[in-house]
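Chains as they are written, first to last, in my numbering: chain A, 6 to 399; chain B, 6 to 399.
Written as structure tokens, this is what we have:
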């Protein structure tokens, strides 16, 4: 007789558990210094402000906020986002916005809405693991966007659009995992090509507000609003434990996400949405972002200077102006997974870079890379951890 | 040049917007008496208790609860559910539980985990629309379970298992839309067949605690724990605006749901999960359920007596012992959708029964049926609404 587990769908059997999530379990063991996660610093969470938001909501909204809500999102939150984003994201209207259960759900809804089995989609090398996890379920064929110092090359973007990819997925500001930012010149080229070939850009933008130096660069959405779906998140500017993200784009495309979401979870927590609304409209958000930036800036600086001081000269790394990650390329002879085993024995965790490459990438690419998170560890501990990793490299 | 909307996946194009959600928009217009939604009464939401839960959480859990969480669910909530459900659901362990973003997400994760295109799954006639919405995306072939007074017939269940359906989906207690409950005798037969044929039962159980008369009946899970995934919800005993549900079953099967959820939304709101934990462990939940039951019982009685007083003799309806809905079968000559147009002009809304039948049902089946919700309207208003519908039937 067959076993009940034989009833599993082919899709779910082929979906490996998220390596990062498995790793994170290790990284939360006591005494571990973890540069592995993509965690904001808990001391950055405005818990007292959240308490005040809750008090206000329960006093002023009464029971309404606890009832079933509409799928596109709490109207008050959509209006608050409109006011907040109108300056940076042109042409947006109430119908341009879909609230999602974290940014991860936005990625899943994008997958549902645009990918049929075998469809081509384009991603950077390396790219965000959570996006691969979301998209993989819909069985796309990956088209690789090769990067140079300014971002994915114009040539590879053009090739992708000519190959009729359903969309190109980009993290334009302080990418996960690379920390890189696409230059304004390259953004303009990408926007031009998207318009020329009627291509779709998915611009994942969870880190844009976390800029520690340099100047704000217009988003891809701003340069090609009709051709871009912009994904935002409250995880880095409020708290990830409230699962809140949003997709902003052409209402005709956003409508697909709304239909997809009806089956997926009907609507996002009304209570969490109300908290975010109050957080924006009370002015707390604008007030709080500079505090997060002030907390993270010295952590990034500590990481970059420790890398400079301790890491071997034949390795190199990115110099992010914001976000949460530095990406290191070690000498070709070093396998980052093997290195991790050694550093774990000395209670230091990081993430090997390999999982951030799509299945289409060459098998050996990225083996000598690693992602280092700097937001969840104080500067002096970062320095200590980098020193330990450097010792194990030698 | 092609239009950007042409990039939509075939799946999303074939997914019609949820008719019920569209209807609900109408039903929330001012002055409408709505028996249409599946809404709990807002006065049943324990808002002051939620405020107290939040105060306790922020005082005792600090920032931790706002950090990224694990995909299977907040450990404290899983432990609280274990204690709460252990008596009714035998053999459950920590690994048996997956927390979901509302019960709707559990249905989606079931679809992801078990349905490949063309796979057979079995549902009752009629069945829950939200389940059809979730499952349809994965393109199953529906196998119809014909009901008699005791539930889906043993014969049809046997046929379904022999046809190798991936699972049978049942709402055993006070079903949506029918209000019917499967008899103990029939449950035992279903459990026997599931074991005999190694079949999988999805037991959706959001209403079990809302019993207004009669005696508790053991769940299908209790009768066939190895063969059943049990879905529960906080929407009816706490509030739907906190999106919280759970799946309980054989850990080997639950593991698939966890993998599916990683891509879908990573994890469910930690803040909402902490509120539910506090709500259970403080004893508030057990205290609050009798109050909800006391609120809804007279509403059900008002609906049944008004139907008796006003509806034509050649119509008939279910006599639920709990839940939220009464299901009415009108004379064959009456089309409930046409009737709705008339009653809407008199400011009364209900839901025609047709959408609750899977695509596999005969085209004309259910045209003369309707679902009436009694939980969100006071008794005297229910009476008035039923009278108006009855007048429009004549």
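By construction, the Cβ of each residue, glycine as well, lies at the ideal position given by its N, Cα and C atoms.
Close to residue 70 (chain B), with beta-carbon spacing below 7 Å, are these residues of chain A in chain order: 246.
Pairwise C-beta distances place the region 371-380 of chain B in contact with the region 348-356 of chain B, as three or more of them are shorter than 8 Å. Ranked by Cα distance from residue 294 (chain A), the options A:217, A:195, A:92 are led by A:217. For residue 103 (chain B), the enclosing beta strand (DSSP E) stretches over residues 102-105. DSSP places residue 375 (chain B) within a strand segment (E or B) once states are collapsed to three. Distance check between residue 333 (chain A) and each of A:79, A:75, A:372 places A:372 closest, using alpha-carbon atoms only.
In this structure residue 15 (chain A) is exposed. Its beta-carbon is surrounded by fewer than 16 other beta-carbon atoms within 10 angstroms. Against chain A, the CB of residue 162 (chain B) has no partner CB under 8 Å away; the residue lies outside that interface. Taking 8 Å as the cut-off, the Cβ atoms of residue 36 (chain A) and residue 352 (chain A) count as close. In summary, no residue of the region 211-222 of chain A has a CB separated from any CB of chain B by less than 8 Å. Counting only Cβ-Cβ distances below 8 Å, residue 301 (chain B) has no contacts in chain A at all, with the closest Cβ about 16 Å away.
When 9 Å is used as the limit between beta carbons, residue 73 (chain B) is near these residues of chain A: 29, 42, 43, 44, 45, 240, 245, 246, in chain order. Closest option to residue 164 (chain A), judged by alpha-carbon separation, among A:154, A:147, A:178, A:176: A:147.
Just measuring C-alpha positions, the residue of B:117, B:124, B:113, B:156 sitting nearest residue 135 (chain B) is B:113. Given a length threshold of 3 residues, each whole run of the beta strand (DSSP E) inside the region 295-383 of chain B is given here in chain order: 330-334, 374-378. DSSP, reduced to helix, strand and coil, places residue 154 (chain B) outside both helices and strands of the structure shown, so it counts as coil. The Cβ atoms of residue 120 (chain A) and residue 143 (chain A) sit closer than 8 Å to each other. Contiguous beta strand (DSSP E) elements confined to the region 57-125 of chain B occur at 102-105, taking only those with 3 or more residues. Here the C-alpha atom of residue 179 (chain A) lies approximately 50 Å from the C-alpha atom of residue 169 (chain B). Inclusion of residue 152 (chain B) and residue 130 (chain B) in the CB contact set at 8 Å is warranted, their separation being smaller than that value. Collapsing the DSSP output to three states places residue 178 (chain B) in coil.
Secondary structure note for residue 202 (chain B): its alpha helix (DSSP H) is the uninterrupted segment 189-202.
As DSSP reads the structure, residue 129 (chain A) sits in a beta bridge with A:150. Secondary structure of residue 11 (chain B) (DSSP, three-state): helix. In this structure, residue 72 (chain A) keeps its C-beta atom at 8 Å or more from the C-beta atom of residue 276 (chain B). Here residue 96 (chain A) has 230 as same chain residues with Cβ atoms under 6 Å from its own Cβ, once five neighbours each way along the sequence are excluded. The C-alpha of residue 198 (chain B) lies about 35 Å from the C-alpha of residue 272 (chain B). In summary, residue 278 (chain A) is buried, with 16 or more beta-carbon neighbours lying within 10 Å of its beta-carbon over all protein chains present.
C-alpha of residue 253 (chain A) to C-alpha of residue 202 (chain B): approximately 48 Å in a straight line.
In the three-state scheme derived from DSSP, where H, G and I count as helix and E and B as strand, residue 226 (chain A) is classed as helix. Residue environment for residue 192 (chain B): buried (at least 16 other C-beta atoms within 10 angstroms of its C-beta).
In the assembly as shown, residue 94 (chain B) is a buried residue. Its beta-carbon has 16 or more other beta-carbons within 10 Å. Within chain B, the C-beta atoms nearer than 7 Å to that of residue 276 (chain A) come from 246, 247, 277, in chain order. DSSP places residue 16 (chain A) in the helix class (H, G or I) of the three-state scheme. Listed along chain A, the residues sitting closer than 8 Å to residue 52 (chain B) by beta-carbon distance are 63, 67, 68, 71.
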